[in-house]
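Encoded as structure tokens, the structure appears first; notes follow it.
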Amino acid sequence: MLEIEGQRVRLQAVDAPDAKTAQGKRALIELKRIIGREPVRCDLVELEPPAPKGRQGWIGRCVAGGVDIAQELVRRGWARALQRYGDSYVIEEASARAAGRGMWPKPPPAKPATRQRQTG
0 MLEIEGQRVR LQAVDAPDAK TAQGKRALIE LKRIIGREPV RCDLVELEPP APKGRQGWIG
60 RCVAGGVDIA QELVRRGWAR ALQRYGDSYV IEEASARAAG RGMWPKPPPA KPATRQRQTG
């Protein structure tokens with residue numbers, strides 16, 4: 000969730016861990032690294048339904064320094080692609096999972112190839 004000029008903006012097509020969890024805190028750190036000191040521009044797509052506490056925000060695609068923020072969060076392994084919005088970021092999520100980046104567990108080490116000894 001970003002706040003731009005007083006407006007809450009949730010990144011479209013991705014879901015990140017809850018900010019109250021350890022993974023969510025790490026995702027927030029990565030979000031801040033991605034943005035850095037770059038200006039953020041968001042194309043607002045739709046208004047979110049009101050949250051239980053009455054807060055409402057926007058859903059949008061946001062860019063900082065020419066970088067798609069949602070795509071980069073997924074690529075680094077700190078958000079998952081929401082396929083209900085299409086296949087944006089699915090490849091990035093698969094790559095992050097395979098490499099064990101971010102919140103995804105590291106893959107087990109490859110077993111060494113076994114050789115069969117031939118007798119003769």
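Per numbering that gives the first Met the number 0, the very first residue in the sequence shown carries number 0; after that it's consecutive.
For every residue, glycine included, the Cβ atom is placed at its ideal position computed from N, Cα and C.
As the structure is a prediction and not an experimental result, all values here were calculated from the model.
- About 14 Å separates the CB atoms of residue 93 and residue 13; that is not less than 8 Å, and the two are not in contact.
- Around the CB of residue 82, fewer than 16 other CB atoms lie within 10 Å, so the residue is classed as exposed.
- Distance from the CA atom of residue 109 to the CA atom of residue 43, rounded to whole angstroms, is 44 Å.
- Short of 6 Å from the beta carbon of residue 33, and not among the five residues preceding or following it, lie these beta carbons of its own chain, in chain order: 68, 71.
- Here DSSP, grouped into helix, strand and coil, assigns residue 46 to strand.
- Three or more Cβ pairs drawn from the region 51 to 58 and the region 8 to 24 lie within less than 8 Å of each other, which places the two stretches in contact.
- Residue environment: residue 80 is assigned as buried (16 or more neighbouring CB atoms within 10 Å of its CB, all protein chains considered).
- For the pair residue 102 and residue 76, the CB atoms are nearer than the 8 Å cut-off.
- The distance from the Cβ of residue 3 to that of residue 62 is about 12 Å, inconsistent with a contact at the 8 Å cut-off.
- Judged by DSSP in its simplified three-state form, residue 54 adopts coil rather than helix or strand.
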